[in-house]
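Working notes, structure below.
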Amino acid sequence: MSSLLAGLRKLSAVSLGKGGLSLRRPPLRRVVEAALILLLLVQGGRLVWLFAAPTPQATQARPLPEVDLGVLSRFDAFFRNGGAGEQTAPSDGGGLTLFGVRADGAGGGSAIIGLADGRQVSVGAGEELEPGLKLTSVAPDHVMLSRGGAPFRLDFPDMISGAAPAAPEAAAQPAAPSPETASAEGAVVDPQRLIAQAGLRPRIKGLGVNGLTVSASGDGGELRNAGLRSGDVILSVNGIALNSPQALVALRGQLADAPSAQIQFERDGQVRSTTVRTRP
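The sequence shown begins at 0 in numbering that gives the first Met the number 0 and counts up one residue at a time.
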């Protein structure tokens with residue numbers, strides 16, 4: 000074995016003449032060492048890049064748009080078809096009536112729509128109200144529907160506030176605080192003026208109406224006589240719950256026909272009641 004190694008060493012050297020130039024191949028060990036050093040440099044560079052490379056920014060979740068219920072402030076169920084309120088142009092929906100919407104800002108959401116036969120349905124975007132009639136998109140102040148593939152727009156109906164012109168601020172009297180135990184049995188109120196001064200707006204819970212919120216306008220005299228104030232939520236009148244647009248429309252006539260009215264309302268989270276007379 001030793002003689003074989005000696006022979007290999009002799010073959011690894013080449014001499015050109017006496018005292019001439021000698022060319023010697025690098026030993027195998029040095030080649031391996033150089034390869035290992037190169038490999039370590041490559042791995043070290045990759046390790047440095049792993050920590051030094053900029054991290055990609057996390058995708059920020061798009062916040063959900065707030066539900067715009069501002070359109071409900073234009074809704075007055077008692078004077079929907081009379082007066083000269085805001086100039087709106089509701090589309091002819093073929094007997095359909097838009098009562099409320101919950102829009103997500105991207106065309107989705109849900110709506111409460113009254114059908115021609117008097118029924119109310121709550122549907123989401125993409126669902127059918129009835130065979131052949133589909134709700135395609137929801138906006139804060141209208142919805143888009145499709146009947147037999149033909150799209151059309153349904154707006155909120157003309158919602159007239161019916162409120163009497165407010166007295167000038169200089170002549171307006173400050174509203175007296177209502178007593179905690181509301182009782183107005185001795186007071187006589189005018190139903191039409193009471194409704195006009197109440198500025199009623201539906202309170203939406205979920206997909207339905209849950210009472211009427213009082214938003215006082217004018218001098219508020221009839222409201223004080225009835226034991227009500229701004230911020231109260233009227234839940235029922237004479238035992239009729241205010242939980243649907245149909246009940247709201249008929250309420251004005253019921254107040255005018257009844258000699259007295261028992262009003263159940265919510266104030267500061269507590270349910271209270273007051274009784275008023277509509278005739279002397």
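Each residue gets a CB set at the ideal place from its N, CA and C atoms; glycine is no exception.
Cα atoms of Ala33 and Gln42: separation of roughly 14 Å, rounded to the nearest angstrom. As computed with DSSP, Glu129 is found in a beta bridge with Leu132.
DSSP places Val188 outside both helix and strand once states are collapsed to three, so it counts as coil.
With fewer than 16 other Cβ atoms inside 10 Å of its own Cβ, Ile36 counts as exposed. In this structure Thr274 is not in contact with Gln253, their Cβ atoms being roughly 15 Å apart against a cut-off of 8 Å. Residue range Leu27 to Ala51 is occupied by the alpha helix (DSSP H) that includes Val41, with no beta strand (DSSP E) assigned at that position. Of all C-beta pairs linking the region 195 to 211 to the region 226 to 237, three or more are shorter than 8 Å, placing the two stretches in contact. Per DSSP, Asn224 lies in no beta strand (DSSP E) segment; the continuous alpha helix (DSSP H) that holds it begins and ends at Gly220 to Ala225. With contacts defined as CB atoms closer than 9 Å, Val213 and Ala197 qualify as a contacting pair. Close CB contacts of Gly125 within its chain, under the 6 Å cut and outside five residues either way in sequence, are absent. When the beta-carbon positions are compared, Val100 and Gly106 stay at least 9 Å from each other. With fewer than 16 other CB atoms across the displayed protein chains lying within 10 angstroms of its CB, Gly238 is exposed. Spatial neighbours of Leu49 in its own chain (CB-CB distance under 8 Å, excluding positions within 5 residues in sequence) are not present.
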